[in-house]
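Which chain is which? The protein sequence lines are A and B, in order. Residue 1 is where the first sequence starts when you use our numbering, and the numbers rise one by one after that. Residue 1001 is where the second sequence starts when you use our numbering, and the numbers rise one by one after that.
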Amino acid sequence: MSGNNTFNLDGKTIAFEDGDTIMDAALRAGEYIPHLCHNPEFSPHGSCRVCIVEANGRQVSACTQPAMVNMQVDNSSDEIMSDRRALLQMLFVEGNHVCPGCEKSGACQLQAVAYYCNMLSPHFTHFFPLRTVDASHADTAIDFNRCILCELCVRASRDVDHKNVFAIDGRGINSQLVINSPSGELGDSSFAATDKAAHVCPVGAILPKHTAYDKPIGERLYDKKPISIVGDVAAHEQDEER
Amino acid sequence: MSIEEFVSSITASANNQPGHLLQYLYEIQYQYSCIPQQAIQLLAEKLSLTESHIHGVIGFYSFLHDSPRGNYDILFSDSITDHMLGSRQLLEQLCSTLGVTPAIPREDGRVTVDTTSCTGICDQGPAMLVNGWTIAGLDQNRIEAIARLIESDTAVEQWPQEFFQVEDNIQRRDILLSDDSNNGDALRALIEQGDDAMLEQIESSGLRGRGGAGFKTGMKWRFCKQAEADQHYVVCNADEGEPGTFKDRVLLNAYADKVFEGMTLCAGIIGASKGYLYLRGEYRYLRTVLEQKLQQLRETGLLGNNILGKDGFDFDIEIHMGAGAYICGEESSLIESLEGKRGIPRKRPPFPVTHGYQNKPTVVNNVETFMSAALIAIHGADWFSSVGTEESSGTKLLSISGDCEKPGIYEYPFGVLIQDILKDCGAKNTQAVQIAGAAGFTIPAAEFERCVAFEDVSSGGSFMVFNQDRDLLDMVKNFAHFFVHESCGFCTPCRVGSSLMKDLVDKVHSGHAGQYDLEVMRKIGLLMRSSSHCGLGTTAPNPMLDTLDKFPQIYEKRLKHSGYEPAFDLDAALQDARDITGRDDAGAHIRTE
């Protein structure tokens, strides 16, 4: 019966398998749905909401919504793109994202998705939160100013590395990424640069040290082609390592 | 007793189950006025959890703290109805008498005075919690007395008993509140008629969830019954956090037996042997009474093994305490919280009826729903569905507060007109009614002929009255701040959107906003409504969107200009400099007028 397992995404017929979300099927078919907290290696999270689509008239996150037969999915209407822009703007003003001065610029998924969604300014009033930088670890630095709370590092450290180095503390707008160590610093934890958690951050929050500008501006991941073609940062991390 | 001994004793009482983490933390908080670092280390060892996980749980719940709050932790209820009764002035009075700054422990470590979200005492406020115990009916005299008791270091147990008196205040009874059935009648009917026939009764009664969402109770129970698993669970949602709601407090105080019997009825039908009552932390004072009720039910064969002598009808109920998190009223957050975690709403599907507590099929229903089910079992589906409307059978308990002569609990058949309710409770010159709480609907006078029912104005029970003298923007501001405090922080639109919204409401309220700000508020509100992860985020912008549509004048009269106003306020930006230099003279201010 798998022949009937299809839905419609912006006029294209997409096949899906039992248990697929809209995102799973779209990714397999090579269709891009903008996303930040989703990484196909991990169970869906659904927190950033950037992958919202309109499915049968209702807004849902594509990464968590099970695909259904004959579902009509709108992934690119003006309304959806405008809502995504607003969500991205919210992420930009919530933290301190200064692209021109960020070593991740050009290879940052947040920046690339914002370009893809045609976000031209942060629009909302900046929060300018007071956040810290943790440079205590020999190989990896954490700049909390750029964390967007996608919890990919939390999931990777828990589910793949089995180390539980990261957790979320606080509530609401005071939610924050924290590190599980006696001092609360990364250098004091069991984190290693070879951990999966070191290679999943979609922004410039978890950064390898000593390599910042090895690759010059202009030759970076998203400098020549958009994210819809290049794909996620995490998918290229392995290549970068080699 | 040392910290080690105390932590060991409380964890041992629950077999060191990590799922009981929140319950352990709750006990430790009230023993030590915070969760000491040593206790966190001990718990981490005993339960095989990371310390950061435990910190994360402490950080999520408002009533848990990792630094001491003092011998007296005082929290003024910060609901808009408390404000209307003068709570802010009383808070200032207490702070100045005690010499404390709000939210900061006094230097000698004796006391902290702070605010908390609605404590559910709106009909007899202003109210406060002192070390978790409710004090209603605050006035200047009572505040003076409280200040003296604190200064004389009198233990809270020694404070005058009348301070802790909370009234049921039932003003109107209908089929639920005039119940005079005997304990066990519903369960006897279940045994007599059998599970299937009884489930059909519940279904044909048309009973829908009383928490506000209105899902058909019989259908929920059937889905859960049909889900195959080695264990099913029944959970009663008594996390009554919607501002202005207090009817579950009254049901649990006066009709707990019937609520527990409704849970047991459900257990008998779906095949559960274990149930939980999730009681909001604000209702700490009810816990002992409820534990006693449970014990009586066990002793009379209405809980425990072989209930009413029926072989294999085994069910028992445990009380779990919440710790100050409105989001835990959402059923999947409540389940996460029951499992001792941060109350982050789960992804759906799967739904709790198939994958709930411990990933097992679970029915989560409101207090009033379980009581209604028990009475349907006794009196039959027709008895229930003959009351109310076609789509909303039965009655609804309303918690009425605000500008009226007789606040309290009113039970009405569904379909009752708002104007009739207002007449009954003695409301005069009413400008608006806020129905269903901060996440609900703002109803202007022109719509008072609408009715309370799932098909018209649906409500979990909150009914707050505002007369013509009130500035509704005060209400909007209160709700905007409430949602910033209560957003769980999981999804972007709710976490960031609620803060942006609050800042814009404040900007309007302080007279600094322009027309453009109202458009941005509307845009943020619609985005939160359509794209948030759970019901909190989708309903949080309701008060702003409703009042922008129906009460535009409350905004427009405060606008500085009709056009654009920058968010940056030159004079406010100098505040840090003024604080540092200790200056506040005219020369230390920039006049922008």
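No residue lacks a Cβ here, since even glycine has one placed at the ideal position from N, Cα and C.
| Check | Outcome |
| --- | --- |
| Taking beta-carbon pairs under 8 Å, can you tell me which members of the region 1474-1493 of chain B lie near chain A? | Val1484, His1485, Glu1486, Ser1487, Cys1488, Gly1489, Phe1490, Cys1491, Thr1492 and Pro1493 |
| Mind checking which residues open and close the beta strand (DSSP E) that includes Ala254 (chain A)? | As displayed, chain A neither begins before 1 nor continues past 242, which places residue 254 (chain A) out of reach and without an answer. |
| With a cut-off of 8 Å, do at least 3 Cβ pairs link the region 105-113 of chain A to the region 159-166 of chain A? | no |
| Which of helix, strand or coil does DSSP assign to Gly1019 (chain B)? | helix |
| Which stretch, first to last residue, makes up the alpha helix (DSSP H) that contains Asn1478 (chain B)? | Leu1472 to Glu1486 |
| Taking only beta-carbon positions, decide if Ser1178 (chain B) is within less than 8 Å of chain E. | No chain E is part of this structure, whose protein chains are labelled A and B. |
| Just to confirm, is the Cβ distance from Asn164 (chain A) to Thr1050 (chain B) under 8 Å? | yes |
| Below 8 Å on the Cβ atoms is my guess for Gly1461 (chain B) versus Ser1399 (chain B); work out the distance and round it to an integer in Å. | 5 Å |
| May I ask you to verify whether the region 63-79 of chain A touches the region 42-53 of chain A, counting CB pairs closer than 8 Å and requiring at least 3? | yes |
| In the region 171-193 of chain A, which residues sit with their C-beta less than 9 Å from some C-beta in chain B, listed in chain order? | Arg171, Gly172, Ile173, Asn174, Ser175, Gln176, Val178, Ile179, Asn180, Ser181, Pro182 and Gly184 |
| Skipping 5 residues on each side, what residues in its chain have a beta carbon closer than 8 Å to that of Leu1279 (chain B)? | Ala1238, Asp1239, Leu1252, Leu1286, Arg1287, Leu1290, Ile1319, His1320, Met1321 and Gly1322 |
| Tell me Arg84 (chain A)'s beta-bridge partners as DSSP assigns them. | DSSP output for Arg84 (chain A) lists no bridge partner at all. |
| Decide if Met1001 (chain B) is buried, meaning its Cβ has at least 16 other Cβ atoms within 10 Å, or exposed. | exposed |
| In chain B, what lies closer than 9 Å to Leu91 (chain A) by C-beta? | Thr1492 and Val1496 |
| Look up Cys1451 (chain B) in the DSSP assignment and give the residues it is bridged to. | B:Leu1417 |
| With a threshold of 6 Å on Cβ separation, who are the neighbours of Ala25 (chain A) within its own chain once the five nearest residues in sequence on each side are excluded? | Ile14, Phe16 and Ala67 |
| Reducing DSSP to helix, strand and coil, say where Trp1133 (chain B) ends up. | strand |
| Rounded to a whole number of angstroms, what is the C-alpha to C-alpha distance between Glu1625 (chain B) and Ser1401 (chain B)? | Residue 1625 (chain B) lies beyond the residue range present for chain B, which begins at 1001 and ends at 1593; the question has no answer from this structure. |
| Run the CB neighbour count on Ile1443 (chain B), radius 10 Å, all protein chains shown included, and call it buried at 16 or more, exposed below. | buried |
| Using the C-alpha atoms, what's the distance from Lys1216 (chain B) back to Phe1454 (chain B)? | 11 Å |
| If you scan the region 1297-1379 of chain B from start to end, which runs of the alpha helix (DSSP H) of 4 or more residues do you find wholly inside it? | 1331-1338 and 1367-1379 |
| His1355 (chain B) to Ile148 (chain A), Cα distance in whole Å? | 29 Å |
| I'd like to know whether the C-beta of Glu1051 (chain B) is nearer than 8 Å to at least one C-beta of chain A. | yes |
| Apart from the five residues on each side of it in sequence, which residues of its chain come closer than 7 Å, Cβ to Cβ, to Gly1380 (chain B)? | Gln1201 |
| Less than 8 Å between the CB atoms is what I'm expecting for Ala1155 (chain B) and Thr1097 (chain B), so what's the real figure, rounded? | Rounded, the Cβ-Cβ distance is 20 Å, inconsistent with contact. |
| Candidates A:Ser183, A:Tyr115, A:Thr6 and A:Lys12: which alpha carbon is nearest Asp18 (chain A)'s? | A:Thr6 |
| How about Ala1540 (chain B) and Cys1494 (chain B): do their beta carbons lie closer than 8 Å? | yes |
| Output yes or no for whether 8 Å exceeds the beta carbon distance between Ser1498 (chain B) and Ser1487 (chain B). | yes |
| Scan the region 1523-1539 of chain B for residues whose Cβ lies nearer than 8 Å to a Cβ of chain A and list them as they occur along the chain. | Lys1523, Ile1524, Leu1527, Ser1530, Ser1531, Ser1532 and His1533 |
| So what does DSSP say about Met1501 (chain B), is it helix, strand or coil? | helix |
| How would you label Glu1633 (chain B), buried or exposed, when you count the other beta carbons within 10 angstroms and need 16 or more for buried? | This structure cannot settle anything about residue 1633 (chain B), because the visible part of chain B is limited to 1001 through 1593. |
| In chain order, which continuous runs of the alpha helix (DSSP H) of length 4 or greater are located wholly inside the region 88-150 of chain A? | 109-116 |
| Note down the Cα distance separating Ser1532 (chain B) from Ala1189 (chain B), rounded to an integer number of angstroms. | 43 Å |
| Check Asp74 (chain A) in the structure and name its three-state DSSP category. | strand |
| With a cut-off of 8 Å on the beta carbons, I'd call Ser1372 (chain B) and Leu1187 (chain B) a contact; round off their distance for me. | Not a contact, Cβ separation roughly 16 Å. |
| Tell me, please, which residues DSSP counts as bridged to Ala1172 (chain B). | A quick correction: the sequence has Arg, not Ala, at residue 1172 (chain B). Bridge partners of Arg1172 (chain B): B:Tyr1410. |
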